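Sequential numbering from 3 applies to the sequence shown in this note's numbering.
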Amino acid sequence: MFEQTFKNIDDILYKDAGADSELDYIEQTSWVLFLRYLDELEREKADEEALKGKDYQFILDEEYRWPNWAMPKTADGKLDHHKAMTGPDLVKFVDLKLFPYLAGFKQKADNPKTIEYKIGEIFSELKNKIKSGYNLREIIEMTDELPFGSSKDKHELSHLYETKLKNMGNAGRNGGQYYTPRPLIRAMIEVTQPVIGERIYDAACGSAGFLCEAHGYLFNKMDKTTNNLKILQENTLYGKEKKNLAYIIGVMNMILHGIEAPNIIHTNTLSENIRDIQEKDRFDVILANPPFGGNERKEVQQNFDIKTSETASLFLQHFIKSLKAGGRAAIVIKNTFLSNADNASISLRKHLLESCDVHTILDLPVGTFTGVGQKTIVLFFQKGTPTKKIWYYQLEIERSLGKNNPINDNDLNDFLLKQKGKEVSLNSWFVDFEHINKKSYDLSVSNPNKQIEVINISPNELISDINRIDADSKNLISNEFFRSTIDSLLSHNSNGWEKTVLSKCCDFYNGKAHEKVIDDDGDFIVVNSKFISTEGEVFKKTREQLFPLYVGDIVMVMSDVPNGKALAKCFIIDEDDLYTLNQRICAIRTNKFDKRFLYYQLNRHKHLLAFNNGENQTNLRKEDILNTPLVIPPIHIQKEIVEKLDNIFDIINQAIQNQQRILDTLAQMKFSVINNTFAD
Numbered sequence: 003m004f005e006q007t008f009k010n011i012d013d014i015l016y017k018d019a020g021a022d023s024e025l026d027y028i029e030q031t032s033w034v035l036f037l038r039y040l041d042e043l044e045r046e047k048a049d050e051e052a053l054k055g056k057d058y059q060f061i062l063d064e065e066y067r068w069p070n071w072a073m074p075k076t077a078d079g080k081l082d083h084h085k086a087m088t089g090p091d092l093v094k095f096v097d098l099k100l101f102p103y104l105a106g107f108k109q110k111a112d113n114p115k116t117i118e119y120k121i122g123e124i125f126s127e128l129k130n131k132i133k134s135g136y137n138l139r140e141i142i143e144m145t146d147e148l149p150f151g152s153s154k155d156k157h158e159l160s161h162l163y164e165t166k167l168k169n170m171g172n173a174g175r176n177g178g179q180y181y182t183p184r185p186l187i188r189a190m191i192e193v194t195q196p197v198i199g200e201r202i203y204d205a206a207c208g209s210a211g212f213l214c215e216a217h218g219y220l221f222n223k224m225d226k227t228t229n230n231l232k233i234l235q236e237n238t239l240y241g242k243e244k245k246n247l248a249y250i251i252g253v254m255n256m257i258l259h260g261i262e263a264p265n266i267i268h269t270n271t272l273s274e275n276i277r278d279i280q281e282k283d284r285f286d287v288i289l290a291n292p293p294f295g296g297n298e299r300k301e302v303q304q305n306f307d308i309k310t311s312e313t314a315s316l317f318l319q320h321f322i323k324s325l326k327a328g329g330r331a332a333i334v335i336k337n338t339f340l341s342n343a344d345n346a347s348i349s350l351r352k353h354l355l356e357s358c359d360v361h362t363i364l365d366l367p368v369g370t371f372t373g374v375g376q377k378t379i380v381l382f383f384q385k386g387t388p389t390k391k392i393w394y395y396q397l398e399i400e401r402s403l404g405k406n407n408p409i410n411d412n413d414l415n416d417f418l419l420k421q422k423g424k425e426v427s428l429n430s431w432f433v434d435f436e437h438i439n440k441k442s443y444d445l446s447v448s449n450p451n452k453q454i455e456v457i458n459i460s461p462n463e464l465i466s467d468i469n470r471i472d473a474d475s476k477n478l479i480s481n482e483f484f485r486s487t488i489d490s491l492l493s494h495n496s497n498g499w500e501k502t503v504l505s506k507c508c509d510f511y512n513g514k515a516h517e518k519v520i521d522d523d524g525d526f527i528v529v530n531s532k533f534i535s536t537e538g539e540v541f542k543k544t545r546e547q548l549f550p551l552y553v554g555d556i557v558m559v560m561s562d563v564p565n566g567k568a569l570a571k572c573f574i575i576d577e578d579d580l581y582t583l584n585q586r587i588c589a590i591r592t593n594k595f596d597k598r599f600l601y602y603q604l605n606r607h608k609h610l611l612a613f614n615n616g617e618n619q620t621n622l623r624k625e626d627i628l629n630t631p632l633v634i635p636p637i638h639i640q641k642e643i644v645e646k647l648d649n650i651f652d653i654i655n656q657a658i659q660n661q662q663r664i665l666d667t668l669a670q671m672k673f674s675v676i677n678n679t680f681a682d
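Rendered as structure tokens:
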């Protein structure tokens with residue numbers, strides 16, 4: 003029932019002009035779901051008080067309770083159509099009365115830990131994006147039918163909410179801030195082994211996946227005494243989150259997992275001076291996947307002993323300072339942290355190794371985080387004693403990981419088994435602190451056992467590996483899902499779609515020269531050709547934001563060398579107040595399209611590539627871009643096409659990864675043939 007209801011709600015949001023992406027779908031579903039849950043919670047508490055012969059003091063005034071504004075019913079329990087608002091009246095009430103009333107609780111509440119404060123904080127940051135009051139009426143009625151009463155119902159609902167979060171994590175480059183794969187989280191918790199009575203913390207909690215999984219782990223392990231349940235509910239799980247939407251989703255996710263008033267604070271963790279952290283502010287266990295690739299301003303960097311603009315490095319300093327003596331941590335971070343040669347990275351690795359026992363480093367394969375090409379690792383450490391020996395484990399998964407083939411619990415079983423005894427194997431080994439270079443403190447993953455394996459493995463074994471990988475690729479592109487998705491994509495009837503050119507449906511902006519304001523310690527990322535062509539991996543910074551960009555802007559490369567691969571390549575801006583537009587890059591803004599649909603249409607558009615003559619540098623003019631032909635299907639069709647393209651590209655990317663594995667195996671075969679030819 004829950005699954006079908008969520009799907010039906012998504013179908014309605016597909017068709018609504020105000021919701022553009024999976025992020026919008028879950029945001030809008032969340033506020034309706036939250037108010038439905040709040041009504042159920044209030045009724046349960048009122049029933050409990052009635053059994054004691056007492057009256058219950060409702061949180062919400064009568065006009066703003068779910069049974070009055072959302073679902074007024076007749077005596078026989080059916081919707082009272084005479085009292086129920088719909089259409090423009092419903093949207094007007096929600097936007098002008100309900101949301102301002104709920105936002106006011108933030109000022110009224112005297113304690114940030116109360117449910118009243120959470121209500122105020124959530125609705126201070128939220129905006130109703132459902133434009134049609136008729137669509138909103140349908141969504142409300144569907145949500146009202148969801149059962150919240152039993153623990154089984156709540157478990158199923160929380161499970162399906164997690165599925166929505168997973169889908170949202172697949173919805174673009176910045177989805178990782180909302181979703182860390184749950185099998186990885188469970189493995190990190192299994193290694194750190196928290197117990198009831200300890201305080202657990204995530205300073206960049208996103209959708210609160212670590213805190214929810216830690217709640218489940220502790221609940222299953224502990225004695226279910228009244229005292230333990232109270233401790234778990236009120237004094238165990240703590241989080242902080244900067245982003246509005248992530249905070250809202252995190253609170254909702256914890257509520258659905260049984261935490262009535264989650265201890266999540268809406269704040270920028272990095273704005274806090276780590277020198278002010280006292281013993282009372284410290285935690286026993288820290289679990290986190292802080293944002294990487296972000297950049298912090300100089301005034302934020304002043305809060306840290308080791309100054310760097312790299313967000314993840316600042317978070318790591320915060321984590322070390324926030325751990326109690328003997329406290330344990332498991333932190334996801336880019337693998338480049340292990341080897342970056344800048345002074346700040348070297349100083350931070352030195353500080354980590356000298357103040358904590360970094361006992362385990364888990365090296366994760368590409369594809370662990372959907373849509374993130376960067377390799378990642380997990381650092382496991384305990385504060386209080388310096389590192390003497392690090393156990394490395396290189397996670398190897400035979401299949402290619404992707405949206406439709408994610409990492410699972412079985413993939414991590416071998417790691418968990420070997421980690422308990424720090425077993426040495428072909429994919430696990432030790433590095434003594436004595437052997438670490440004391441100038442660079444380089445901790446790069448370099449498996450010494452792999453070299454032995456390459457020498458000893460026979461050419462026939464490698465041929466078998468190649469055949470197996472090749473068969474996996476063929477299965478990927480020949481399976482029914484892949485074929486049927488392509489067929490359905492190509493079968494769309496476009497006769498009724500509006501045909502136009504870019505100038506008639508989009509606004510065009512040219513960037514500005516930034517050469518004179520480039521600054522490695524700057525606050526803003528310069529969106530230039532290299533940034534776009536590397537999907538944001540390579541960038542320069544500046545101290546001046548000469549042309550601000552906003553979430554949903556599509557930027558495009560206007561100049562490239564003959565037959566270059568960057569010409570007309572596009573990128574979707576994923577964060578406000580972070581980027582600035584360089585010259586010979588244009589920005590396109592519109593409200594006529596689903597942003598990813600327009601991205602797919604414009605990216606390397608054949609109309610624009612036709613200006614490349616193969617001999618001279620191509621410089622697209624404004625007029626060339628404005629005359630780009632476009633089609634505008636209905637918004638729900640745009641979203642269907644985007645979903646299908648995402649699925650197709652995910653499978654293609656898995657097949658590309660397989661081909662790279664074949665090339666790597668062929669390279670190994672050269673050495674294998676030589677070594678086996680001249681073997682003793």
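In this text, a Cβ means the ideal position worked out from N, Cα and C, and glycines have one as well. Nothing here was measured: the structure is a model prediction, and the numbers come from that model.
Does the separation of the CB atoms of residue i and residue j fall below 8 Å?
i: TYR240; j: ASN265; result: yes
i: ASN345; j: ASP525; result: no
i: ALA21; j: ILE132; result: yes
i: TYR443; j: LEU325; result: no
i: PHE435; j: LYS391; result: yes
i: ALA570; j: LEU610; result: yes
i: ILE575; j: ASP555; result: yes
i: CYS2; j: ILE634; result: Outside the shown range of the chain, which is 3 to 682, sits residue 2, and nothing can be said about it.
Measure the C-alpha to C-alpha separation of residue i and residue j and round it to an integer number of angstroms.
i: SER134; j: ILE142; result: 12 Å
i: THR182; j: LYS245; result: 16 Å
i: LEU318; j: THR387; result: 17 Å
i: GLN640; j: VAL302; result: 40 Å
i: ARG470; j: ILE257; result: 45 Å
i: CYS588; j: ARG623; result: 10 Å
i: LEU600; j: VAL559; result: 15 Å
i: ALA77; j: PRO69; result: 13 Å
i: GLY177; j: LEU403; result: Annotation note: pLDDT 45 at GLY177 (below 50); position unreliable, coordinate value reported separately. Distance between the alpha carbons of GLY177 and LEU403 is about 16 Å.
i: THR7; j: THR145; result: 8 Å
i: GLN670; j: LEU647; result: 35 Å
i: GLN656; j: GLY208; result: 27 Å
i: LEU668; j: ILE379; result: 27 Å
i: LEU397; j: ASP411; result: 12 Å
i: ARG663; j: LYS420; result: 25 Å
i: ILE14; j: ARG67; result: 24 Å
i: ILE11; j: ASN615; result: 49 Å
i: TYR394; j: ILE187; result: 18 Å
i: ARG175; j: GLY106; result: Note that ARG175 scores a pLDDT of 45, beneath 50, so its modelled location is shaky and nothing firm can be said.
i: ALA19; j: GLU215; result: 35 Å
What does the Cβ neighbour count give for residue i, buried or exposed, with the cut at 16 atoms within 10 Å?
i: LYS75; result: exposed
i: GLN195; result: exposed
i: ASN618; result: exposed
i: PHE432; result: exposed
i: LEU428; result: exposed
i: GLU539; result: exposed
i: PHE595; result: buried
i: ASN481; result: exposed
i: LYS9; result: exposed
i: ARG598; result: buried
i: SER160; result: buried
Considering residue i, what are the terminal residues of the beta strand (DSSP E) in which it resides?
i: CYS572; result: 572-574
i: ARG330; result: 325-336
i: LEU397; result: No beta strand (DSSP E) holds LEU397; DSSP gives it neither H nor E.
i: TYR219; result: TYR219 -> not in any beta strand (DSSP E); alpha helix (DSSP H) instead, spanning 211-223.
For residue i, which of the options has the nearest alpha-carbon?
i: GLU236; options: ILE117, LEU159, THR165 and THR310; result: ILE117
i: ILE279; options: LYS323, LEU289 and PHE533; result: LYS323
i: ASP225; options: GLU215, LEU53 and VAL197; result: VAL197
i: PHE673; options: GLU24, ALA314, PRO461 and GLN30; result: PRO461
i: ASN677; options: LEU213, ILE459, LEU628 and LEU234; result: ILE459
i: LEU551; options: ASN584, ASP63, LEU213 and ASP472; result: ASN584
i: ASP666; options: PRO564, ILE468 and TRP33; result: ILE468
Does the distance between the C-beta of residue i and the nearest non-hydrogen atom of the ligand GDP fall short of 7 Å?
i: ASP359; result: Ligands displayed in this structure: none; no statement on the ligand GDP is therefore possible.
Under DSSP, the alpha helix (DSSP H) around residue i begins and ends at which residues?
i: ALA346; result: 345-357
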